[in-house]
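Going line by line, the protein sequences match chains R and A.
At the far end of the first sequence sits residue 589, using my numbering, and the numbering has no gaps.
At the far end of the second sequence sits residue 589, using my numbering, and the numbering has no gaps.
Think of the CB as a built atom: it goes at the ideal place given N, C-alpha and C, for glycine as much as any other residue.
As the structure is a prediction and not an experimental result, all values here were calculated from the model.
Protein chains: 2
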Amino acid sequence: MLKLYDCTTAPSPRRARMLLSEKGIEYENIQINLKTGEQMGQAFRAINPNCTVPALVTENGDVLTENAEITAFLEAAYPEKPMLGTTPIEKALIAKWNWRVEFNGLAAIASALRNSSPAMKDRALPGPRNVKQIPELAQRGLDRIAWFFEDLDAQLQDNSYVAGDNYSVADITATITVDFARWVKVYPLESQSALLEWHERMKARPSYTA
Amino acid sequence: MLKLYDCTTAPSPRRARMLLSEKGIEYENIQINLKTGEQMGQAFRAINPNCTVPALVTENGDVLTENAEITAFLEAAYPEKPMLGTTPIEKALIAKWNWRVEFNGLAAIASALRNSSPAMKDRALPGPRNVKQIPELAQRGLDRIAWFFEDLDAQLQDNSYVAGDNYSVADITATITVDFARWVKVYPLESQSALLEWHERMKARPSYTA
C-alpha cells in the first residue's frame, strides 16, 4: 500500500491528500510534526533528505517528494478519474492553470509568509539550507496574491472549474491556495463572486476535508 | 501548421523551440522584439494578453502561452519521442526534476536578473503588471543558483541525464538554466565535472541551436 508522510495542518501535503482522495486511492498516513521540526531530524532526513512533506512511498519503495512528481506518478499509475485531462488541449489548459496557480498564487503566499513570520526566521525558503527573510518580499507576495485572485476570478467567470469544464488538479492547487492565503490574512473580495461561488463548491467535495 | 511567437535571444521561448526541435515538429517562427517592448504593444497583447513569449498557436487557433502548457499539449498531440517519460516512475522523476530546475534554477536566475538589471527597473516580474525591484532578492537569487548547480551536479554524478537514463524535458529546462545563468555571471564550478560533462553533451544535440 502507498504510504504518505504528511502533516495535516500544512498546505503542501494537503495537495497530495486531496489528489489521493479525488482519485479514490487508499494509503497509509504517517504524520510528521512540522511544529517540533521533526522534518529536519535524522529519521525523516533518511526518508527525504530535502526535509519536506509530502513524501509518498510507492509499493516499490520509491520516495516521491514533490507535488509535481506525486501528481505525475498517481495519474500514470492510477489513470481512472483523470486529474490532468484527456485531450491535448485539456491537458494543456490544466498544465497552464496548475502552473499559474502554483507560481502566481501558492508561491506568492509562501513568500509573504516565510519572509515575515517570526517563527520562520532564516527559513525563508523550504529545504535543507537556511535562508534569511526579506521583508520587502513579503509585501510583494501580498500584492501578488491580490492580483492572482483577480485573475482567478476572471477565469472562473467564464469557466465552471479552474481549467475549464471539468474538475482537475488545478482546482486542488487553487483550493489550497485560497485557504492558505488566510494565513497571511488575504481573502477573495466580496466582488469576486465567481471565485467565491467556486470555492463554496470546492468545500462541498469530500476531498476538501481529506 | 503550428505558429510560435518567439524571441531568439530569450531563454523562455527557447524552451519551446528546443522541445519542438527534439520532437521533430515543423512550425512557423514569428519573432517578437523584446528589446523594443513589442510584447507590450497592442498587436501582441491581442494574441497574448499576458505579454509574454513564447506563445504557440495550434492548428485550431488555440494560443498556448506557458511552457508547462505548451509541453503538455505537444506531448499529447505528438506522442512520438516522449519527453515526459513513459512509465509512471519515469513520468514522476521527469516531473520532479523539471519542477526543481524550474523553481530552484530558472526562477532563481530570473529573480537575480530582474531585481538588479537597470533595464528591468519596475519589471521585476514578467507579465502585464509593473513590479519594483528588490536588490536583496537579486543576491538571494545568486545564492540559489549556486546551490542549484551543486544539487544538479550531484544528480548527474549518478544519472546520464537530469531525470535518469533518458533525455527528457528536464534536460531542456536545465540546459537553458545553465546558459541563462551566464546572464548574471554564474557558471558551474570546475569541480562540478558531472554537470560540465553533461552540458557538453547537450551542446552537441541539434536542438541546442534550434
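Does the structure place the stretch 458 to 470 of chain R close enough to the stretch 438 to 457 of chain A that three or more beta carbon pairs sit under 8 Å? In short, these stretches touch, since the Cβ pair count reaches three.
Please classify Arg-424 (chain A): does DSSP put it in a helix, a strand, or coil? Of the three classes helix, strand and coil, the one that applies to Arg-424 (chain A) here is helix, per DSSP.
Hey, would you say Ala-560 (chain A) sits closer than 8 Å to Ile-513 (chain A), going by beta carbons? No, the Cβ-Cβ distance between Ala-560 (chain A) and Ile-513 (chain A) is not below 8 Å.
Measuring alpha carbon to alpha carbon, tell me which residue in A:Ala-486, A:Thr-554 and A:Met-499 is nearest Asp-522 (chain A). For the residues A:Ala-486, A:Thr-554 and A:Met-499, the minimum Cα distance to Asp-522 (chain A) belongs to A:Ala-486.
For Ser-490 (chain A) and Ala-447 (chain A), which I take to be in contact (beta-carbon distance under 8 Å), what is that distance rounded to the nearest angstrom? Ser-490 (chain A) to Ala-447 (chain A), Cβ: 18 Å. No contact.
Could you confirm whether any beta carbon from chain A is found closer than 8 Å to the beta carbon of Ile-488 (chain R)? Not one chain A Cβ lies under 8 Å of Ile-488 (chain R).
Where Asp-441 (chain A) and Asn-429 (chain A) are concerned, what is the direct C-alpha to C-alpha distance, given to the nearest angstrom? So the alpha carbons of these two residues sit roughly 15 Å apart.
To the nearest whole angstrom, what separates the beta carbons of Gly-593 (chain A) and Thr-388 (chain A), a pair I think is in contact under 8 Å? No answer is possible for residue 593 (chain A): it lies beyond the span of chain A, which begins at 380 and ends at 589.
Are the C-beta of Glu-445 (chain R) and some C-beta of chain D separated by less than 8 Å? The chain labelled as chain D is not found among the protein chains of the depicted structure, namely R and A.
For Asp-550 (chain R), which residues of its own chain have a beta-carbon under 6 Å away from its beta-carbon, when the five flanking residues on both sides are left out? The answer, listed in chain order, is Tyr-540 and Val-541.
Does DSSP put Asn-477 (chain A) in a helix, in a strand, or in coil? In this structure, Asn-477 (chain A) counts as helix in the three-state DSSP scheme.
Quick one: which chain A residues come within Cβ less than 9 Å of Pro-392 (chain R)? Using a Cβ-Cβ cut-off of 9 Å, Pro-392 (chain R) is close to nothing in chain A; its nearest Cβ partner there is about 16 Å away.
Contact belief for Ser-586 (chain A) with Ser-400 (chain A) at Cβ below 8 Å, rounded distance in angstroms: About 4 Å; that satisfies the 8 Å criterion.
Could you check whether Lys-460 (chain A) and Lys-382 (chain A) sit closer than 8 Å to each other, using their CB atoms as the reference points? Between Lys-382 (chain A) and Lys-460 (chain A), the CB-CB gap reaches or exceeds 8 Å.
Assuming Leu-535 (chain A) contacts Thr-450 (chain A) under a Cβ cut-off of 8 Å, what Cβ separation, rounded to an integer in Å, is found between them? Between Thr-450 (chain A) and Leu-535 (chain A) the Cβ distance is about 22 Å, and since that is not below 8 Å, they are no contact.
Does Ser-570 (chain A) pass the burial test, meaning 16 or more other C-beta atoms within 10 Å, or should it be called exposed? Ser-570 (chain A) counts as exposed, since fewer than 16 other C-beta atoms from the protein chains shown sit within 10 angstroms of its C-beta.
Residues of the stretch 382 to 407 of chain R in Cβ contact with chain A at a cutoff of 8 Å, in chain order, please. Legend: CB atoms of the stretch 382 to 407 of chain R lying less than 8 Å from CB atoms of chain A are not found in any residue.
Give me, in chain order, the residues of the same chain whose beta-carbon lies closer than 6 Å to that of Arg-493 (chain R); leave out the 5 immediate sequence neighbours on both sides. Excluding residues within five positions, the ones whose Cβ falls inside 6 Å are Met-499 and Ala-503.
Cβ of Glu-515 (chain R) within 8 Å of Cβ of Lys-475 (chain A)? When the beta-carbon positions are compared, Glu-515 (chain R) and Lys-475 (chain A) stay at least 8 Å from each other.
Identify, in the order they occur along the chain, each residue of the same chain with its Cβ nearer than 7 Å to the Cβ of Glu-576 (chain A), setting aside the five sequence neighbours on each side. Sequence-distant partners of Glu-576 (chain A) (beyond 5 residues in either direction) whose C-beta falls short of 7 Å from its own C-beta are missing from its chain.
Quick one: using the 10 Å Cβ neighbour count with 16 as the cut-off for buried, is Glu-438 (chain A) buried or exposed? Glu-438 (chain A) should be labelled exposed.
Counting contacts by CB-CB distance shorter than 8 Å, is Val-510 (chain A) in contact with chain R? Interface residue, yes.
Within 8 Å (strictly less), CB to CB, does Thr-450 (chain R) reach chain A? Chain A, which has a Cβ nearer than 8 Å to the Cβ of Thr-450 (chain R), makes this yes.
Could you tell me if Cys-466 (chain A) is buried or exposed, where buried requires 16 or more neighbouring beta carbons within 10 angstroms of its beta carbon? Residue identity differs from the one stated: residue 466 (chain A) is Thr in this sequence, not Cys. By the 16-neighbour rule on beta-carbons within 10 angstroms, Thr-466 (chain A) is exposed.
Can you confirm whether Leu-516 (chain A), when its beta carbon is compared against all beta carbons of chain R, has any partner nearer than 8 Å? It does; some Cβ of chain R falls within 8 Å.
Apart from the five residues on each side of it in sequence, which residues of its chain come closer than 8 Å, Cβ to Cβ, to Asp-385 (chain R)? Result list for Asp-385 (chain R): Pro-392, Ala-395, Arg-396, Asn-408, Ile-409, Gln-410, Ile-411, Val-432 and Pro-433, in chain order.
Let me confirm a value: Arg-479 (chain R) is counted as buried when at least 16 other C-beta atoms fall within 10 Å, else exposed. Which label applies? Its Cβ being crowded by 16 or more others within 10 Å, Arg-479 (chain R) is buried.
Kindly provide the ranges of any beta strand (DSSP E) runs that are 3 or more residues long and lie completely inside the stretch 502 to 559 of chain A, ordered along the chain. As for any beta strand (DSSP E) of minimum length 3 sitting wholly inside the stretch 502 to 559 of chain A, there is none.
Just the C-alpha distance for Ile-404 (chain A) and Leu-463 (chain R), rounded to the nearest angstrom, thanks. Whole-angstrom Cα-Cα distance: 23 Å.
Considering Glu-407 (chain R), what are the terminal residues of the beta strand (DSSP E) in which it resides? Element bounds for Glu-407 (chain R): 406 to 410.
Could you work out which residues of chain A lie near Pro-467 (chain R), taking near to mean beta carbons separated by less than 7 Å? Neighbours of Pro-467 (chain R) on chain A, chain order: Phe-452, Ala-455 and Ala-456.
Which residues of chain R have a Cβ atom closer than 7 Å to the Cβ of Asp-441 (chain A), listed in chain order? Those are Ile-468, listed as they occur along chain R.
Using only the alpha-carbon positions, how far apart do Thr-554 (chain R) and Ser-572 (chain A) sit? If you draw a straight line from the Cα of Thr-554 (chain R) to the Cα of Ser-572 (chain A), it comes to about 43 Å.
Using beta carbons (cut-off 8 Å, strictly below), is Trp-478 (chain R) in contact with chain A? With 8 Å as the cut-off, Trp-478 (chain R) counts as an interface residue toward chain A.
Provide the residue span of the alpha helix (DSSP H) that contains Lys-402 (chain A), from first to last. Start and end: 390 to 402.
Is Arg-561 (chain A) close to chain R? Criterion is C-beta to C-beta, closer than 8 Å. Chain R contact via Cβ: absent.
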